[in-house]
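Q:
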Amino acid sequence: MFYYGQKAERVNAVKCWNKAEELYNYSKKEKEVEEFNKKHLLKKKGISFMPICFGISFTNSMLNQASALVHVYTDGSISVSTAAVEMGQGVNEKMINIAARVFSINKNRIKVESTNTTRVANTSATAASSGADLNGNALLIACNNLLDRLRRHAADILNINDEQKIEFVDELVLHKKEKTGITWEELINSAYVNRVSLSSQAFYATPQIHFDITINQGHPFAYHVYGTAITIAEVDCLRGTYEIESVEAVHDFGKSINPLIDLGQAEGGIVQGIGWMTIEELVQDEKGVLKSNSLSTYKVPDIYSAPKKLQVHFLEDSENPFGPLKSKAIGEPPLMYGIGSFFAIANAIKAFKPDVKIKYSSPITHEKALMHLYQGKELIKSKTAEIESNLITEKT
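Position one of the sequence shown corresponds to residue 439 (my numbering), numbered consecutively onward.
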């Protein structure tokens with residue numbers, strides 16, 4: 439049971455944790471970090487093993503709705519309109535994948551129209567990691583309604599009654615798994631000639647969700663995304679600088695609609711999360727005016743912020759009844775893996791200064807790391823003497 443009253447269902451947390459241990463061998467990595475720290479005075483490594491759990495849906499329940507509009511043209515091409523806004527996250531490609539799978543046609547036949555409220559009205563924001571879920575489910579309903587209509591027409595052409603045994607495979611019409619000689623284009627042309635509607639509009643609203651903001655109780659999320667990541671960081675204890683050496687994650691994608699897009703979103707989210715936890719610092723002056731208001735003062739992650747090694751494994755045997763084609767959202771959940779970088783850096787600092795107390799206050803910038811490494815003048819003196827002694831020993 440979650441603290442807001444929702445029952446935990448279809449939980450994959452333990453599966454992700456165990457798979458991460460199996461694939462990446464945390465116990466071995468932990469020992470390797472310990473051995474490294476014994477051999478190096480001015481460089482220390484830290485490791486974290488962190489699970490994530492992220493609820494998917496707008497907590498404002500009314501926003502969990504979407505519509506879709508599908509037109510099939512007489513040349514066999516398809517026009518898809520949804521409320522989803524493409525901003526580089528690949529949602530339009532996922533809409534194409536959904537329509538192509540339902541009709542079993544080449545995805546080159548499908549075009550996603552620009553988002554426009556004259557075609558799809560009363561749109562919810564493309565946010566809360568729900569764009570593909572809401573619009574994909576609406577599109578799935580619209581496509582299946584049209585598919586049923588085309589099945590009935592194919593049955594009429596073949597003069598049979600068992601339309602449920604008609605299916606479309608690779609742009610061919612099959613009956614009882616046997617080819618009928620009817621192609622996708624021929625079926626569409628026949629439907630048009632016989633005045634069968636080749637358009638479909640559908641609406642989707644996420645079922646079973648509700649949330650009372652006055653008491654913070656209810657069932658706000660359709661489902662949860664799970665995962666586990668092992669993060670290793672290395673800190674330069676002389677300067678306070680650090681780098682994320684590796685992030686290895688097992689992530690619950692459900693049944694991925696497009697693995698390449700999902701992988702890219704997961705990797706990008708991890709790097710964004712690292713930036714969130716390490717360098718993206720908001721700075722205000724004494725009057726509360728934001729000073730870090732441009733790229734010259736607000737640091738964002740770049741290629742040099744990315745881990746040297748970044749690996750994401752798709753959890754097997756994960757299905758999601760609330761996602762289109764049993765998929766799961768991929769927007770925000772991977773961002774949470776960035777929190778592991780904070781603890782990996784903190785553990786590296788503790789390897790250098792075991793008695794340091796690091797309050798969880800992100801981001802843990804290079805400046806903060808340096809201050810944690812050398813809290814107090816006496817420590818600076820003792821560490822300086824220790825360093826000088828080791829340098830003399832190395833020279834002799």
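Built from N, CA and C at the ideal position, the CB exists for glycine as well.
Model, not experiment: these values are computed from the prediction.
Rounded to whole angstroms, what's the CA-CA distance from Thr618 to Val631? Just pull it up for me.
A: For the purposes of this step, residue 618 is taken as the residue at position 180 of the sequence shown. For the purposes of this step, residue 631 is taken as the residue at position 193 of the sequence shown. Going from the Cα of Thr618 to the Cα of Val631 covers about 19 Å.
Q: Quick check: the Cα distance between Trp714 and Pro801, rounded to an integer number of angstroms?
A: Within the sequence shown, residue 714 is the residue found at index 276, counting from 1. Within the sequence shown, residue 801 is the residue found at index 363, counting from 1. Trp714 and Pro801: Cα-Cα distance of roughly 7 Å.
Q: Less than 7 Å between C-beta atoms, sequence neighbours within five positions excluded: which residues of the same chain meet that for Ser779?
A: Taking the sequence shown and counting its residues from 1, the one referred to as residue 779 is at position 341. Here the set comprises Thr669, Ala671, Ile682, Ile712, Met715, Thr716.
Q: Leaving out five residues before and five after Val607 in sequence, what residues of the same chain have Cβ atoms less than 7 Å from its Cβ?
A: Here residue 607 refers to the residue found at position 169 when the sequence shown is read from its first residue. If we look at Val607 and ignore the five residues flanking it on each side, its Cβ neighbours are Ser542.
Q: Would you give the residue range spanned by the alpha helix (DSSP H) that Thr716 belongs to?
A: If you number the sequence shown from 1, residue 716 lands on position 278. 697-716 is the extent of the alpha helix (DSSP H) around Thr716.
Q: Does the beta-carbon of Lys457 have 16 or more other beta-carbons within 10 angstroms, so that it is buried, or is it exposed?
A: Residue mapping note: residue 457 aligns to position 19 of the sequence shown, counting from 1. Buried: at least 16 other Cβ atoms inside 10 Å.
Q: My assumption, with CB atoms under 8 Å, is that Gly692 sits in contact with Asn758. Please give the rounded CB distance.
A: Mapped onto the sequence shown, residue 692 falls at position 254. Mapped onto the sequence shown, residue 758 falls at position 320. The Cβ separation is near 4 Å, so the contact holds.
Q: So for Cys454, helix, strand or coil by DSSP?
A: Numbered from its first residue, the sequence shown carries residue 454 at position 16. Here Cys454 sits in helix by DSSP.
Q: Report the rounded CA-to-CA distance for His509 versus Ser517, giving the unit in angstroms.
A: Here residue 509 refers to the residue found at position 71 of the sequence shown. Here residue 517 refers to the residue found at position 79 of the sequence shown. If I take the Cα positions, the gap works out to 5 Å.
Q: Verify whether the separation of the beta carbon atoms of Tyr642 and Ala504 is less than 8 Å.
A: Counting from one through the sequence shown, the residue named residue 642 turns up at place 204. Counting from one through the sequence shown, the residue named residue 504 turns up at place 66. It is a contact, given that the beta carbons lie within the stated cut-off.
Q: Do Val689 and Phe781 have their C-beta atoms within less than 8 Å of each other?
A: Your numbering for residue 689 matches position 251 in the sequence shown. Your numbering for residue 781 matches position 343 in the sequence shown. For the sequence presented, residue 689 should be read as His rather than Val. The answer is no: Cβ separation not under 8 Å.
Q: Give me the Cβ distance between Ile536 and Leu577, rounded to the nearest whole Å; I'm assuming they're in contact under 8 Å.
A: Translated into positions along the sequence shown, residue 536 becomes position 98. Translated into positions along the sequence shown, residue 577 becomes position 139. Contact flag correct, Cβ pair sits at about 5 Å.
Q: Tell me, which residues are paired with Gln503 by DSSP?
A: Locating residue 503 in the sequence shown gives position 65, where the first residue counts as 1. According to DSSP, Gln503 bridges with Ala643.
Q: Taking only beta-carbon atoms, is Asn502 less than 8 Å away from chain B?
A: The chain labelled as chain B is not found in the depicted structure, where only one protein chain is given.
Q: Could you check if Asn450 is buried or exposed, using at least 16 other CB atoms within 10 Å of its CB as the buried criterion?
A: Your numbering for residue 450 matches position 12 in the sequence shown. With 16 or more Cβ atoms within 10 Å of its Cβ, Asn450 is classed as buried.
Q: Which class does Lys483 belong to by DSSP, given the choice of helix, strand or coil?
A: Translated into the one-based positions of the sequence shown, residue 483 becomes position 45. It is a strand residue.
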